[in-house]
Every structure is written in C-alpha cells, then in structure tokens.
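Asker: Chains as they are written, first to last, in the numbering used here: chain G, 1 to 126; chain C, 127 to 252. I have a structure I would like to understand better, so I am pasting it below and will then ask my questions one at a time.
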DNA sequence: ATACAAACTAAGAACTATTCTTATTTTATA
DNA sequence: TATAAAATAAGAATAGTTCTTAGTTTGTAT
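Now the structure itself:
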C-alpha cells in the first residue's frame, strides 16, 4: 500500500500539531468541521494510517481512545477524576526505563510508553 | 446502593481468583458457561460492581478491556505482538514511584498503575 | 417464620464507537 | 493527458457494552 497525499490528511496532521494535549477522533472531527467539511470515516481512516506510519500514537483509556501527536518517547499520567491525559516532562524518567529493562518477560521496549493513573493536582484540590 | 450477594457474583469472583493472568468479559463469559449458565449482561454488570468496590481493576488495551483480579499495586507489560498483558514482579519498581512523585501535574497516585508496551521475550525470539 | 423492599437475574433490544461498502473524485506516474 | 491506485463522503454494518423489562432472590424488620 503506497499512501497518496490528500487535503484531508494534511488537515488532520495540522490540527494534531496545533494541539498541546491529546484528542479523540470525535473531538478532532468536531474541531475540523468548525472550519472545513470532513467525514468522520475519513478521520478514523487517516488516524489509522498515521498510527501505522508511526507518526502518531493511539492510546486506550477508560472512556475510549485518544491520539497523541507524537511517537517520541515520553510518559503519561491519567487523572481518573477529570479523565484527562497529561504528559510528564521529568527527564529523570530515563531511570524508569533502566529499571524496567531488568524484567524477565520484557523482550524489547518499543515505545517506552508508561501510563500512571491517579488524581491530578487540580482535582486533588477540589 | 447496598449490594446484595448473588450466586452469579460469587461465580465470577471465584473464576477471577483462579486466573493467573487477566481476562476479558467475553472470555470470562465463555469460561463460566462451560459449567454454569450465566448471562453476558450479568458478567458486565458484576464486573462493573467489582470495579466500583475496588476489588478488581479494569484495564483498557488496544483491543478492548481486560480485568485484573486485584487492585494491589503492581505493574504491567503489554506485548504489542501477541496482545498479552503480563504482570511485572520486580520490587525495584518502587523507584519508579519515587521518581514519578516529583512530577508537578500529579496530585496523588491512586493505583500506581504502570503499563509499558513493547515486545515480550517470546515474541522477540520468533 | 413471614412479608416487604431492594437488589438481583436472563434475554434480548438499544446504543455507540468504529469499520466497511459503494459510487465518485483526486493523486502520482508514465 | 491517460491510467491505475488511493482517496473521499455518506451512510450501512458490526461489535462491544449498556439498558429495559418482567420475574426471582436476598436481607431486614416485624
């Protein structure tokens, strides 16, 4: 399968780039449709293509999937209260990787993806 | 809501206890129906109740949800190739928790759940 | 022990997120 | 510029999960 460029895919990529967080297919569909016309099936198909090309990452959460605009190694924190996925920035997390690599079931860590769950700083205050 | 005991819930709990890994609602339904008669809706409703009671944990994966028989803090490794979720046993992982707690977005880590993705030792051999 | 209310069940309908189908349009290449 | 491959929109189909309903079981108070 040789992918061909399309206006719609460029549209999706540019909207993903503008995001600072993570977005669901439905949210992306609504946001793009504010200014352009695009089919929901097109959103899903292109997100699938982008995941296959390893340009973005598909992340399963309790309430559906969310897409991350990058596959670059970084870590996530999911707040169970506000159902939001945050990026973790601390570079000390390399230590996590080193610790994990000693585990016997692990053949190879591909994405280094780590998702921790809890309550975020804002939700804890309330 | 005051939950009342039921034969079906006991059945579900006992099957979960016998598992050494993680199981989907569908798999649990099939397994229980080998010997007893139970409705799929009953499986889903009771799994939901057990999650609410924090007796088990619901884990979102790329290909649907899986249930973990315990909420005790431990870590997971997901193999993208065989789509299997493994428990990680290494107690050094406490270090991970210490590292993470310095992150500014984290208010409180509830479950300490960590899921790392990659290729398991078996799939890497093949 | 019995009656009552609340929570439970099975069965299948309903819902919803995602994927598939089809007829048509766009893109890349020769 | 013609052709083949891949793209699109729109809506139908699928599948996993939740909801509805009528009837059953459970726990509590008398």
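Ideal placement from N, C-alpha and C gives every residue a C-beta, glycine not left out. Since we're looking at a predicted model, the values are computed, not measured.
1) Quick one: which chain G residues come within Cβ less than 7 Å of residue 206 of chain C?
2) How would you list, in chain order, the residues of chain G whose beta-carbon sits under 8 Å from the beta-carbon of residue 239 of chain C?
3) Within a Cβ cutoff of 6 Å, which residues of the same chain sit near residue 170 of chain C, ignoring the five residues on either side of it in sequence?
4) Can you list, in chain order, the residues of its chain whose CB lies under 7 Å from that of residue 87 of chain G, leaving out five sequence neighbours each side?
5) By the criterion of Cβ-Cβ separation under 9 Å, what are the contact partners of residue 253 of chain C in chain G?
6) Taking the alpha carbon of residue 209 of chain C as the point to measure from, which residue in C:144, C:243 and C:155 has its own alpha carbon closest?
7) Determine the direct distance from the alpha carbon of residue 228 of chain C to that of residue 127 of chain G, and round the result to whole angstroms.
8) Let me know the secondary structure DSSP gives residue 123 of chain G once reduced to three states.
9) Among all the DSSP beta bridges, which residues are the ones paired with residue 139 of chain G?
10) Please return the same chain residues whose Cβ sits closer than 8 Å to the Cβ of residue 57 of chain G, not counting the five positions on each side in sequence.
Answerer: In brief:
1) Counting from 1 along the second chain, the entry for residue 206 of chain C is found at position 80. 110, listed in chain order.
2) As a first step, residue 239 of chain C is located in the second chain; it is residue number 113 there, counting from the start. The contacting residues are 115, 116 and 117.
3) Start at 1 with the first residue of the second chain, and residue 170 of chain C comes out as number 44. Correct list, in chain order: 151.
4) Counted from its first residue, the first chain places residue 87 of chain G at position 87. Answer for residue 87 of chain G: 74 and 76, listed in chain order.
5) In this structure chain C extends from 127 to 252, so residue 253 of chain C is not present and cannot be described.
6) Within the second chain, numbered from 1, the residue matching residue 209 of chain C stands at position 83. Measuring from the Cα of residue 209 of chain C, the nearest candidate turns out to be C:243.
7) Because chain G here runs from 1 to 126, residue 127 of chain G falls outside it and cannot be looked at.
8) Within the first chain, the letter at position 123 stands for residue 123 of chain G. Helix at residue 123 of chain G.
9) Since the first residue of chain G shown is 1 and the last is 126, residue 139 of chain G is not available in this structure.
10) Taking the first residue of the first chain as 1, we reach residue 57 of chain G at position 57. Result list for residue 57 of chain G: 51, 67, 68, 70, 71, 111 and 113, in chain order.
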